[in-house]
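Worksheet: the structure to be examined is printed underneath.
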Amino acid sequence: MAKGNGILRKIRGSVGDLNYRVNKGQQVLAAKATSVRNPKSKGQMGQRTKWANVLAIYQASSKALHDGFENKAQNLSDYNMFMSINLQATPVYLTKRESSLKASIAAPYKITQGSLPSILVTGNDASAVTDIALGSLIIGPATTVAELAKAIVQNNSNWEYGDQLSYFSYVQLINPNEGYPYVVCTKSKVELMLDDDSLLYDVVPEYGFASRNGFLAHGTDRGQGAFAWVHSRKTANKTMVSTQILVVNNDLYAEYTSQAKFAEAARSYGVTDAVFLKPDEENDNAPAESVVTPPSDNQDNTQTGGSTPVTPPAGGGDNGLGE
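Residue numbers (this note's numbering): -7 to 315.
This is the structure in structure tokens:
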């Protein structure tokens, strides 16, 4: 459920999957309550399993995605936008046990969406190179923030002094005791200030801020997972950001989006084969053999985002990209 104001204030009734009402002068939006005939159907199974991983990755980001969705509607939070956009991505299937343990899989989720040009990346591992030109600058232990700022602003027309360059790293790990996968997110940032003589590597890590063939690139290898660079700019009215989708180098991603993993996750929630001759049974004309297949919405649509409000987890509050 979400609250809004302005033009939405006096709307009452239903539009699509949303209910609109006014409570104490504020517009309230909520998803329609629906009657689910079979809560263990393939469709319901797909919704249940894909929710857990998207939420886990948002939580792993440690509240660093505030202001990450530049043009979100007034009634939506950054959490709303992250969830609604990434619930359309290819589902990652976690079993009931894995979900209860807060397991997570690094996936190509959209972490920011805005009007600044996207930072393009070639490669998906330690050899990754961005399209941020550095001219003749070779980044090393003696490089200063001012030198990086000058190199980026002078060689890239869409960058300005005072802009921020952030780096997000989601490292894929396995819990040694329980055996479930999880992700640890680290993030770093540098403001491009021409008068900042601080050593660059005193501010940001080498693994996200190196140079290769005249462009900003990865440094040391962090292992499997996902990563992204983000460009942000503070204006009088808002924080502008580049639209970035996590670059994934993660063997577990293919495993956890497979039909075999869907079947395992479905069984963990008690999904069984439908009875073909039972009236109203959801069997989708399944073959006679005992096979559980993914729902039909197993598509990757991360380039477009929905706007249905979703209820955030307890303990909101975020830290801005532009701070």
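Using N, Cα and C, we set each Cβ at its ideal position, and we do this for glycine too.
Just so we're clear, the structure is a prediction, and the values are computed from it rather than from any experiment.
Looking at the backbone, the Cα of residue 65 and that of residue 152 are separated by about 27 Å. For residue 139, the enclosing alpha helix (DSSP H) covers residues 137 to 147. Residue 146 has its alpha-carbon roughly 15 Å from the corresponding atom of residue 187. In this structure residue 159 touches residue 179 by the C-beta definition: roughly 7 Å separates them, less than 8 Å.
Note on geometry: alpha-carbon atoms of residue 124 and residue 205 lie some 11 Å from one another. Pairwise C-beta distances place the region 228 to 248 in contact with the region 94 to 105, as three or more of them are shorter than 8 Å. Where residue 259 is concerned, there is no enclosing beta strand (DSSP E), although the alpha helix (DSSP H) around it starts and stops at 251 to 260. Distance from residue 220 to residue 209 at the Cβ level is roughly 14 Å; contact not present, criterion being Cβ atoms closer than 8 Å.
A residue is called buried once 16 or more other Cβ atoms fall within 10 Å of its Cβ, and residue 72 is buried on that count. Taken in chain order, the complete alpha helix (DSSP H) segments of 4 residues or longer contained in the region 60 to 121 are 70 to 78 and 88 to 92. In the DSSP secondary-structure assignment, residue 219 is bridged to 161 and 239. Per the C-alpha coordinates, the member of 103, 87 and 170 positioned closest to residue 249 is 87.
Under the DSSP assignment, residue 179 falls in the beta strand (DSSP E) whose first and last residues are 173 to 183.
Residue state for residue 55 is assigned as coil, using DSSP reduced to three classes. Between the beta-carbon of residue 122 and that of residue 192 there is about 16 Å, and that puts the pair past the 8 Å contact cut. With respect to residue 115, residue 162 sits apart: the two C-beta atoms are not nearer than 8 Å. Under the DSSP assignment, residue 231 falls in the beta strand (DSSP E) whose first and last residues are 231 to 233.
The beta-carbon separation of residue 236 and residue 104, rounded to 5 Å, stays under the 8 Å limit for a contact. By the neighbour-count definition (other C-beta atoms within 10 Å, threshold 16), residue 231 is a buried residue.
Under DSSP, residue 203 forms a beta bridge with 208. In this structure, residue 154 keeps its C-beta atom at 8 Å or more from the C-beta atom of residue 108.
The closest CA to that of residue 77, considering only 174, 43 and 257, is found on 43.
A check of alpha carbon separations from residue 89 across 46, 102, 171 and 133 identifies 171 as the nearest.
Rounded to the nearest angstrom, the gap between the Cα atoms of residue 253 and residue 84 is 9 Å.
Taken through DSSP and simplified to helix, strand or coil, residue 125 comes out as strand. According to the DSSP secondary-structure assignment, residue 191 is paired through a beta bridge with 136. Taking C-alpha positions only, residue 234 is separated from residue 262 by approximately 42 Å. Counting only the Cα atoms, residue 227 lies some 24 Å from residue 53. CA-to-CA, the gap between residue 225 and residue 126 works out to about 19 Å. Under the three-state reduction of DSSP output, residue 166 falls in the strand class. A distance of 8 Å or more separates the beta carbons of residue 157 and residue 58. The criterion of a C-beta distance shorter than 8 Å is not satisfied by residue 213 and residue 120.
In its chain, beyond the 5 residues on either side, 70, 73 and 105 have a beta carbon closer than 6 Å to the beta carbon of residue 61. Taking C-beta atoms under 8 Å as the contact rule, residue 182 and residue 129 fail to qualify, at a distance of about 14 Å.
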